[in-house]
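Protein chains in written order, with my numbering: chain S, 1 to 377; chain E, 378 to 754; chain V, 755 to 1131; chain H, 1132 to 1508. Beta carbons are placed, not taken as given, at the ideal position from N, Cα and C, and that holds for glycine.
4 protein chains.
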Amino acid sequence: MNTWGNALRLSIFGESHGPAVGIIIDGLPPGERIDLALVGREMARRAPGQETYATARREADAPEILSGLWAGKTTGAPLGAIIRNQDSQSGDYDTKLRPGHADWTALLKYGGHADMRGGGHFSGRLTAPLVFAGAVAKQLLARRGTTVLARIVRIGEVEDTEAPIDSEAYRQVADRDFPAGAAAGERMKAVILAAKAAGDSVGGIVEATALGLPGGLGEPFFGSLESGAAALLFSIPAVKGVEFGEGFRFAGLLGSQANDELYLDQGAIRAYTNHNGGILGGITNGLPVVVRAALKPTPSIAKPQRTVDSAEWRETELRISGRHDPCVAPRAAPAVAAALALSLLDCLLAAARLAPIQGGGDSADGGDQGGGKDWAE
Amino acid sequence: MNTWGNALRLSIFGESHGPAVGIIIDGLPPGERIDLALVGREMARRAPGQETYATARREADAPEILSGLWAGKTTGAPLGAIIRNQDSQSGDYDTKLRPGHADWTALLKYGGHADMRGGGHFSGRLTAPLVFAGAVAKQLLARRGTTVLARIVRIGEVEDTEAPIDSEAYRQVADRDFPAGAAAGERMKAVILAAKAAGDSVGGIVEATALGLPGGLGEPFFGSLESGAAALLFSIPAVKGVEFGEGFRFAGLLGSQANDELYLDQGAIRAYTNHNGGILGGITNGLPVVVRAALKPTPSIAKPQRTVDSAEWRETELRISGRHDPCVAPRAAPAVAAALALSLLDCLLAAARLAPIQGGGDSADGGDQGGGKDWAE
Amino acid sequence: MNTWGNALRLSIFGESHGPAVGIIIDGLPPGERIDLALVGREMARRAPGQETYATARREADAPEILSGLWAGKTTGAPLGAIIRNQDSQSGDYDTKLRPGHADWTALLKYGGHADMRGGGHFSGRLTAPLVFAGAVAKQLLARRGTTVLARIVRIGEVEDTEAPIDSEAYRQVADRDFPAGAAAGERMKAVILAAKAAGDSVGGIVEATALGLPGGLGEPFFGSLESGAAALLFSIPAVKGVEFGEGFRFAGLLGSQANDELYLDQGAIRAYTNHNGGILGGITNGLPVVVRAALKPTPSIAKPQRTVDSAEWRETELRISGRHDPCVAPRAAPAVAAALALSLLDCLLAAARLAPIQGGGDSADGGDQGGGKDWAE
Amino acid sequence: MNTWGNALRLSIFGESHGPAVGIIIDGLPPGERIDLALVGREMARRAPGQETYATARREADAPEILSGLWAGKTTGAPLGAIIRNQDSQSGDYDTKLRPGHADWTALLKYGGHADMRGGGHFSGRLTAPLVFAGAVAKQLLARRGTTVLARIVRIGEVEDTEAPIDSEAYRQVADRDFPAGAAAGERMKAVILAAKAAGDSVGGIVEATALGLPGGLGEPFFGSLESGAAALLFSIPAVKGVEFGEGFRFAGLLGSQANDELYLDQGAIRAYTNHNGGILGGITNGLPVVVRAALKPTPSIAKPQRTVDSAEWRETELRISGRHDPCVAPRAAPAVAAALALSLLDCLLAAARLAPIQGGGDSADGGDQGGGKDWAE
């Protein structure tokens, strides 16, 4: 269904060429100041049209907040927000199914009733409300000491092999227009522009990191932080892989290489390494959480492709002429960060639940200690 | 929390050295015959002790079904089953935190109250009820034409580069004791035994595939099949990465390489390739669903490791002497298959919901067509 | 949280004096024609300002559909709709807590951050999106033969003791501006007007009925139709009691009076009576579902009341001068009907899940029947 | 489905004549001591066979705890417990559908596959795990000052019109074997025994109260405490009505009679009356929560009844000779209290979520305050 989360609950809706896309965020504590300028900055990073290596389609993407925010602070009631669709050109699409796109599966599932103009409910446009929600979540996290950042670590064959050496360096990379190491970033942009020039597109990998996080967030088994974050990440169009810490690289490691050995630092347990990406048994250990999402190349390419026309039900050739990102990684980066931030806030809200009673309840007799409360009737 | 699923609902519980582990499966249609011998065969594949490359700990792992099954068929009520823990040796574990294990994070989350003997609720033992549920799901799927299989595709540096050429070949590989291609499998086993001999462990990758699946299963966005399956897969201990189709390999592809071009085959849409692993926009297209899970090396190794003793709160050295799998991949394979099967059954049950009315409701006036029903009172 | 339902999922948001209230409906089958004129008629019944016995506050209450509807039919994607708040007069309310209202508990829960202008998220205005969703649900139900109707059965001491003798009579009562038996209705209106004249308000009971319903809808225990409907009904502001069939009257009955004896009618099981309101064990039996909701008197009355000023934190007297319904029953009737319709549609969608296999799976061998599906890769 | 709750999650399973019934409780904080003797005392009140006015079927009803409890305290992992069915006599039931029972609707829903021996999954036996969970919840509540009590307020035409004057008096009533005022209780018992002698049964009303509760628990709208509690209460077999505070009596009241006027008591807001049963807008105000559940007469009576034989598909007469409670109210009382206790604990756990930041976040800049956390990698 269209809802996600436990202590934090998201409900999403909208279609690319309908009136609006939107999201409801429930579970936000009351009294949290939301800086809408910061929200806008996050959304601008996701919005189309900023750069030549992205689509030329331009949208203001200004969220309209309909509830849950009053005098600049959360009220505790569900926060509802919509983002109008302003620049849709329905003529861009036709009944020829785009290979690699949900056109085909929407037809199978909805029998032709889906509004697939612009990708419909499957459009990358749905990441706009997700990024909005993530921008809200990031402010609550930041106020409690946790920062969530994202960077591009691979485009095509170009990998950014220089990991930032500390949190300040990570932030500098993440804040760039093209959030990658300077040298690798230039080569990545060149790969994107080359794909664009060839009427093609290219895939990539985005990494998100949470710094300054408390330990003990998440649940075992079905409620693991990895499960919640992955569910959210795989809802982002184009994401086809998710890994934490060393992820798929673990396959080639020995236990003696992969284990993060422990030591004591001023009475606190610490690890010499962070191969597990800050998560053990589904629960944070206080080290940076590191997640990577693999993004497939944009299916909409100008190169001719063999496909089927769903109206005429015949084989045909498709040449897509609309405006499309040659690579979704730059605009997906804030969505990946949003997914991680929302996952963490969900766990953080849940973790605040009823604290263990002092002494583990040893001295409590299970009897009534509330009889003093008067009986007003 | 400890529940998963929408139309199919799982609730799991248990600790490695407690009386039992168990699972409740709700949403199973009534009247489905469950072959318990088949279930037992699945569970035996996961159970410890079969082979030298697995742990020597032996458990019967016979599920006791407590409800939901009557005269060999599902009743429609929740199916509850438990598996007794018979062979636990609590002395195997101590207060030294195992690096790479949830010992540390359980301490952070539960403040010392968790029963961490044998890994407690974080133990791989929890995959026993998951494999049980998966074995039930696989029978419902098989009866409707869908087969779910799993194989090991990588151990350490050894990759099985020869993908099975058809479904029969896949089944032959999956049915082996060590479910991998014959040649690669021998080399993989050697890697595992070498790690074992060195007091070490090694990681791997398991692939699961669903064949004979209808298209149109799954939901867009938060309800994507990938989201549901990944949430379940990441609940399996040791899984640190999940990818569908080309997964992380998409990062290095161009759109013209990655898109699955379409054609018509006797009136049905088909694709020339299956780079997307049978899923587009979170929904199945009828091609085989292909998912891969990366498994980290078993954290419990015999080699000495630097760690912290949580009772004495001092740094120490840990040498684990208990019986542990040098590689979890062989026993994780049925768990990965179970996770895929359960995800698919959840979608299949949901997809059977109220069909579109004939003619799309055009001729219906929205008025009462039920007045003929008598008013008995 | 702000979500409800399983196969049908509702997410609600909004505050009385914010920009808009709204709802997302997920799980609607694709291709369902929605008659917006019928929706508007339902919403007009709930909207304020039609009659002297209701508040004079007027709102157009025209829903704006933002997604999920295309060319007049559902797309299968979440249907999102908002209703703008146009006629709010924030000056109507002050910091004096209204006795019997959520002013007090919102203060306890949200610590003063809630936007309680006009009742905020606790306002009866939130029933507007609920009635909208109910109007959509009623059209899907009607197309499948089920009609949902509501009538007022009690206002103050006036009870409508003449139950409609058949479905046609019920419809006639339900379609009235004041949906009650003609004679009783006039006396009820007089009671409301008398309360209004006295600066007071009065309680009532609304009954909703579903006719032409199939048997077998609902689930046992936590998933009972009664559980789902009651959860939704108790979310309607002012509802303080819910009963099915004889409800609280069962307490005074013997089993021999309360049981609905059975007979055969053209091969179908039927009951001579319907004391159980069409539901046994949480599941429909095909007889009309009958539910009653008790509504407390509107807390906002003109009569002086002793209360506390939450700004000055002192005892004070409150005289409410704003426009308020002297009785919420007339406007609550469509909300109660909506809650029943949505509960039934949720069950109906769930009941359509995977049908039992022919022969109960006896002949199936649990093996692969899907091998014929080609292996395209 | 078979799950209930948000911050506290229940999953229930079992059939009356199957091997066992059981429940999983997830979300319990770690380190809570559980007094199993107190749990046993609660369960004994629900168990059959104590009194002549209840059924003679006897069961030990000793719960076997399978997980989540270690050394007498909760571990934080899901607490799973089963209760074996020991004294089932399958011969008691036949294929004649019991009027007023779920026999009919189970047939409609499950097509004959349900195990309806002893009522199957619809049996009152399912309240055993519910009472178990409630007994656990009550201990956590008691340790935090909240007591949950239940009493019988009506059997047949006998009403207990003398409400306990304070919490101590309430406790004395609730602790009786037959939890009602002494005089009324004797008359109620006489009514039950008369029904039994006549081969009949009789209905009743049970009231549950929570004392010493903090204000601010619950959520608006769909998440109202009333919605959660009602959903749980309506899952108890035989419950056909639920009301809070004055409930259905509100219908006959004026606002000036129904509103609970407010005053200040040592700086805290208090109400002169408690007509709303401690809940306003779905949220507790700190006054006692009062809920009443209407119970229909036991459908299984000895008197001859007209019905249908589902095997022979013909009309027939049914005379039930098995052991059945002539009135479920005495044994339902602990189940009603359990439902209230579980609802409150769910809200209490959720309410403990992330507290508002000091100063409402005014001074926070939304920036990173967590940079001090080292970057261990």
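TODO: Could you please give the first and the last residue of the uninterrupted alpha helix (DSSP H) stretch that includes E:D552?
DONE: Locating residue 552 of chain E in the second sequence gives position 175, where the first residue counts as 1. In the DSSP assignment, E:D552 falls within the unbroken alpha helix (DSSP H) covering 544-552.
Task: Rounded C-alpha distance that separates S:P356 from H:P1161 - done: Along the first sequence, read from residue 1 onward, the residue named residue 356 of chain S stands at position 356. Along the fourth sequence, read from residue 1 onward, the residue named residue 1161 of chain H stands at position 30. Note that S:P356 scores a pLDDT of 45, beneath 50, so its modelled location is shaky and nothing firm can be said.
TODO: May I ask you to report which of helix, strand or coil DSSP gives H:Q1436?
DONE: To locate residue 1436 of chain H, count along the fourth sequence from 1; it is residue 305. In the structure shown, H:Q1436 adopts extended strand secondary structure according to DSSP, grouped into three states.
Task: Cutoff 6 Å; reference S:A194; Cβ partners in own chain excluding five residues on either side - done: Looking up residue 194 of chain S in the first sequence gives position 194. Hits under 6 Å: none found.
TODO: Using three-state DSSP, classify S:L211 as helix, strand or coil.
DONE: Within the first sequence, residue 211 of chain S is the residue found at index 211, counting from 1. DSSP places S:L211 in the strand class (E or B) of the three-state scheme.
Open item on the list: So for H:I1400, helix, strand or coil by DSSP?
Closed with: Numbered from its first residue, the fourth sequence carries residue 1400 of chain H at position 269. Reduced to three states, the DSSP call for H:I1400 is strand.
- [ ] Report the partner residues of E:Y473 according to the DSSP bridge assignment.
- [x] Locating residue 473 of chain E in the second sequence gives position 96, where the first residue counts as 1. In the sequence as presented, Tyr is not what sits at residue 473 of chain E; that position holds Lys. Its beta-bridge partners are E:D686.
TODO: Check the Cβ of E:A454 against every Cβ in chain V and list those closer than 7 Å, keeping chain order.
DONE: Residue 454 of chain E sits at position 77 when you count from the first residue of the second sequence. In chain order: P974.
TODO: Would you be able to state if there are at least three C-beta pairs under 8 Å between the segment 1365-1373 of chain H and the segment 980-990 of chain V?
DONE: Segments in contact, yes.
TODO: Could you check the C-alpha separation between V:G872 and V:P1084 for me, to the nearest Å?
DONE: Here residue 872 of chain V is taken as the residue at index 118 of the third sequence, counted from 1. Here residue 1084 of chain V is taken as the residue at index 330 of the third sequence, counted from 1. V:G872 and V:P1084 have their C-alpha atoms some 20 Å from each other.
Task: Nearest-angstrom Cα separation, counted from S:S343 out to S:E162 - done: Counting from one through the first sequence, the residue named residue 162 of chain S turns up at place 162. Counting from one through the first sequence, the residue named residue 343 of chain S turns up at place 343. Those two C-alpha atoms are separated by around 27 Å.
Task: Neighbourhood of V:T1027 by C-beta distance below 8 Å, restricted to the same chain and skipping five residues each side - done: Against the third sequence, residue 1027 of chain V aligns to sequence position 273. Apart from sequence neighbours up to five positions away, the residues of its chain that approach V:T1027 with a beta-carbon distance below 8 Å are D1014, E1015, ordered along the chain.
Open item on the list: In whole angstroms, give me the CA-to-CA distance for S:P164 and S:V148.
Closed with: For the purposes of this step, residue 164 of chain S is identified with residue 164 of the first sequence, where counting begins at 1. For the purposes of this step, residue 148 of chain S is identified with residue 148 of the first sequence, where counting begins at 1. Pairing S:P164 with S:V148, the inter-Cα distance amounts to about 14 Å.
Open item on the list: What would DSSP say about S:M1, mapped onto helix, strand or coil?
Closed with: By 1-based counting over the first sequence, the position of residue 1 of chain S is 1. Note: S:M1 maps to coil in three-state DSSP.
Task: Min CB distance S:R306 to chain V below 8 Å - done: For the purposes of this step, residue 306 of chain S is identified with residue 306 of the first sequence, where counting begins at 1. By this cut-off, S:R306 is not an interface position.
Task: is_contact[V:A1005, chain E] using C-beta, thresh 8 Å - done: What you label residue 1005 of chain V is simply residue 251 of the third sequence in a count that begins at 1. Among the residues facing chain E, V:A1005 is not included, as its CB has no counterpart in that chain under 8 Å away.
Open item on the list: Please report the straight-line C-alpha distance between E:Q746 and H:D1297, rounded to a whole angstrom.
Closed with: If you number the second sequence from 1, residue 746 of chain E lands on position 369. If you number the fourth sequence from 1, residue 1297 of chain H lands on position 166. At E:Q746, the pLDDT of 33 sits below 50, so the modelled position is not reliable and the matter cannot be decided from this model.
Task: Residues of its chain near S:P39, where Cβ-Cβ distance is below 6 Å and the 5 sequence neighbours each way are ignored - done: To locate residue 39 of chain S, count along the first sequence from 1; it is residue 39. The sequence given here has Val at residue 39 of chain S, not Pro. Only residues of its own chain outside the window of five on either side were considered, and among them A135 have a CB closer than 6 Å to the CB of S:V39, listed in chain order.
TODO: Could you work out which residues of chain E lie near H:H1244, taking near to mean beta carbons separated by less than 8 Å?
DONE: Position 113 of the fourth sequence holds residue 1244 of chain H. In chain order: P407, G408, W447, K450, T451, T452, G453.
TODO: Below 9 Å between beta carbons is the criterion; list the residues of the segment 1359-1380 of chain H that meet it against any residue of chain V, in chain order.
DONE: Answer set for the segment 1359-1380 of chain H: G1359, A1360, A1361, A1362, L1363, L1364, F1365, S1366, I1367, P1368, A1369, V1370, K1371, G1372, V1373, E1374, F1375, G1376, E1377, G1378, F1379, R1380.
- [ ] Measure the C-alpha to C-alpha separation of H:G1255 and S:G68 and round it to an integer number of angstroms.
- [x] Counting from 1 along the fourth sequence, the entry for residue 1255 of chain H is found at position 124. Counting from 1 along the first sequence, the entry for residue 68 of chain S is found at position 68. Taken atom to atom, the span from the alpha-carbon of H:G1255 to that of S:G68 is near 43 Å.
Open item on the list: Do V:L1072 and H:V1333 count as a contact pair if the criterion is CB distance below 8 Å?
Closed with: Reading the fourth sequence from its first residue, position 202 is the one you call residue 1333 of chain H. Reading the third sequence from its first residue, position 318 is the one you call residue 1072 of chain V. Taking 8 Å as the Cβ cut-off, H:V1333 and V:L1072 do not qualify as a contacting pair.
Open item on the list: Taking 8 Å as the cut-off, does the segment 665-682 of chain E touch the segment 240-249 of chain S (at least 3 CB pairs, one atom from each stretch)?
Closed with: With three or more CB-CB distances shorter than 8 Å, the segment 240-249 of chain S counts as touching the segment 665-682 of chain E.
Task: Limits of the alpha helix (DSSP H) - the one that S:T105 falls within - done: As a first step, residue 105 of chain S must be located in the first sequence, where it is residue number 105. 103-110 is the extent of the alpha helix (DSSP H) around S:T105.
Open item on the list: When you compare the CB positions of S:I283 and S:L217, do they come within less than 8 Å of one another, or not?
Closed with: To locate residue 283 of chain S, count along the first sequence from 1; it is residue 283. To locate residue 217 of chain S, count along the first sequence from 1; it is residue 217. Result yes, Cβ atoms of S:I283 and S:L217 sit closer than 8 Å.
Open item on the list: Could you tell me the alpha carbon to alpha carbon distance between S:V206 and S:V291, rounded to whole angstroms?
Closed with: Numbered from 1 along the first sequence, position 206 holds the residue referred to as residue 206 of chain S. Numbered from 1 along the first sequence, position 291 holds the residue referred to as residue 291 of chain S. Rounded to whole angstroms, S:V206 and S:V291 show a C-alpha spacing of 8 Å.
TODO: For E:P440, go through chain H and note every residue whose CB falls closer than 9 Å to its CB, in chain order.
DONE: Counting from one through the second sequence, the residue named residue 440 of chain E turns up at place 63. Per Cβ cutoff of 9 Å: no residues; E:P440 is ~12 Å from chain H at best.
TODO: Leaving out five residues on either side along the sequence, give the residues of the same chain with a beta carbon under 7 Å from the beta carbon of E:H652.
DONE: One-based indexing of the second sequence puts residue 652 of chain E at position 275. Taking E:H652 as the centre and dropping the five residues before and after it, the same chain places the C-beta of G622, E623, A635, D637 closer than 7 Å to its C-beta, in chain order.
- [ ] Please report how far the alpha carbon of H:V1152 lies from the alpha carbon of H:M1174, in whole angstroms.
- [x] For the purposes of this step, residue 1152 of chain H is identified with residue 21 of the fourth sequence, where counting begins at 1. For the purposes of this step, residue 1174 of chain H is identified with residue 43 of the fourth sequence, where counting begins at 1. Cα-Cα distance, rounded: 13 Å.
Open item on the list: Quick check: the segment 309-328 of chain S against the segment 180-196 of chain S, are at least 3 beta-carbon pairs closer than 8 Å?
Closed with: Yes, the segment 180-196 of chain S is in contact with the segment 309-328 of chain S.
TODO: Give a yes or no on whether 8 Å exceeds the smallest Cβ distance from V:E769 to chain S.
DONE: To locate residue 769 of chain V, count along the third sequence from 1; it is residue 15. Between V:E769 and chain S, the shortest Cβ-Cβ separation is below 8 Å.
TODO: Measure the C-alpha to C-alpha separation of S:A198 and S:G322 and round it to an integer number of angstroms.
DONE: As a position in the first sequence, residue 198 of chain S is number 198, starting the count at 1. As a position in the first sequence, residue 322 of chain S is number 322, starting the count at 1. S:G322 has its alpha-carbon roughly 15 Å from the corresponding atom of S:A198.
Open item on the list: Just verifying my parser: in three-state terms, what is the DSSP assignment at H:R1248?
Closed with: Here residue 1248 of chain H refers to the residue found at position 117 when the fourth sequence is read from its first residue. H:R1248 sits in a helix when the DSSP states are folded into three classes.
Open item on the list: What residue range does the alpha helix (DSSP H) around V:T881 cover?
Closed with: By one-based count along the third sequence, residue 881 of chain V stands at place 127. If you look at V:T881, you'll find it in the alpha helix (DSSP H) that goes 881-897.
TODO: Starting from the C-beta of S:P220, find all residues in its chain whose C-beta is less than 8 Å away, skip the five residues before and the five after it, and write them out in chain order.
DONE: By one-based count along the first sequence, residue 220 of chain S stands at place 220. Here the set comprises G281, G282, I283.
- [ ] State yes or no: is the beta carbon of H:N1137 nearer than 8 Å to at least one beta carbon in chain V?
- [x] Your numbering for residue 1137 of chain H matches position 6 in the fourth sequence. Using a CB distance cut-off of 8 Å, H:N1137 counts as an interface residue toward chain V.
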